[in-house]
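149 is the number that full-length UniProt numbering gives the last residue of the sequence shown; the numbers go up by one with no jumps. By construction, the Cβ of each residue, glycine as well, lies at the ideal position given by its N, Cα and C atoms. See below for the structure under consideration.
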Amino acid sequence: MQGLRRYSNDVVQLDLGSPTTTTTMSTTTNSSSSLSIDVDESAETRIQRLISEHPVIIFTRSSCCMCHVMKKLLSTIGVNPTVIELDDNEIASLSHSDDHDDHLASALRNRSPAVFIGGTCVGGLESLVALHVSGHLVPKLVQVGALYV
Numbered sequence: 001m002q003g004l005r006r007y008s009n010d011v012v013q014l015d016l017g018s019p020t021t022t023t024t025m026s027t028t029t030n031s032s033s034s035l036s037i038d039v040d041e042s043a044e045t046r047i048q049r050l051i052s053e054h055p056v057i058i059f060t061r062s063s064c065c066m067c068h069v070m071k072k073l074l075s076t077i078g079v080n081p082t083v084i085e086l087d088d089n090e091i092a093s094l095s096h097s098d099d100h101d102d103h104l105a106s107a108l109r110n111r112s113p114a115v116f117i118g119g120t121c122v123g124g125l126e127s128l129v130a131l132h133v134s135g136h137l138v139p140k141l142v143q144v145g146a147l148y149v
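Here it is as structure tokens:
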């Protein structure tokens, strides 16, 4: 399967290189969702689309221990985020793609793992924990439909 590689039931590695075919992979979360790659999309467009399609998505580097803490915090609350692993060279290539979305590349380069909730970059682990401690995380998750109370 070109473009996406499954590492476990909840982690998928996204290959930002130019795939030769369209690939779709279902993720195993509470909701039925899929990850797909279109051959005509740029890396930035693919990532933007994934962010818009999933209420909670974490972009992380391969073998990042902080991602595990993020997933654990979110799963304790009752949310199963989509997790996309990017290699260092894939993250570096984002800055050279399109300058119109440089804030996205910057977020992924400087804050890995980076969590997006409802299409908005929350930041890294520290920002996610701060949001939780302040009492704003659960209402935000409810607002985007990732959590039902």
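Per the Cβ contact rule, the stretch 69–89 is in contact with the stretch 46–56 (3 or more Cβ pairs under 8 Å).
For Glu53, the uninterrupted alpha helix (DSSP H) run begins and ends at 43–53, by DSSP. Taking the CA atoms as reference points, Asn89 sits about 34 Å from Val133. Excluding the 5 residues flanking it on each side, Arg61 has same chain C-beta neighbours closer than 6 Å at Ser112, in chain order. Setting aside the 5 residues that flank it on each side, Gln143 is surrounded in the same chain by Gly118, each with a C-beta closer than 8 Å to its C-beta; the list follows chain order. The residue among Lys72, Ile47, Ser42, Gln48 with its C-alpha nearest the C-alpha of Leu128 is Lys72. Cβ neighbours of Leu147 within its own chain (closer than 7 Å, five residues either side excluded): Ile77, Gly78, Val79, Val138, Leu141. Short of 7 Å from the beta carbon of Cys64, and not among the five residues preceding or following it, lie these beta carbons of its own chain, in chain order: Ser112, Pro113. With a 10 Å radius around the Cβ and a threshold of 16 neighbouring Cβ atoms, Ala43 comes out buried. Beta-bridge analysis with DSSP links Ala114 to Phe59.
Taking a C-beta distance under 9 Å as the contact criterion, Phe116 and Leu86 do not qualify as a contact pair. Cβ atoms of Met66 and Leu125 come within 8 Å of each other, at about 5 Å.
In the displayed model, Val142 falls within a helix according to three-state DSSP. Between the alpha carbons of Val149 and Ile51 lies a distance of about 23 Å.
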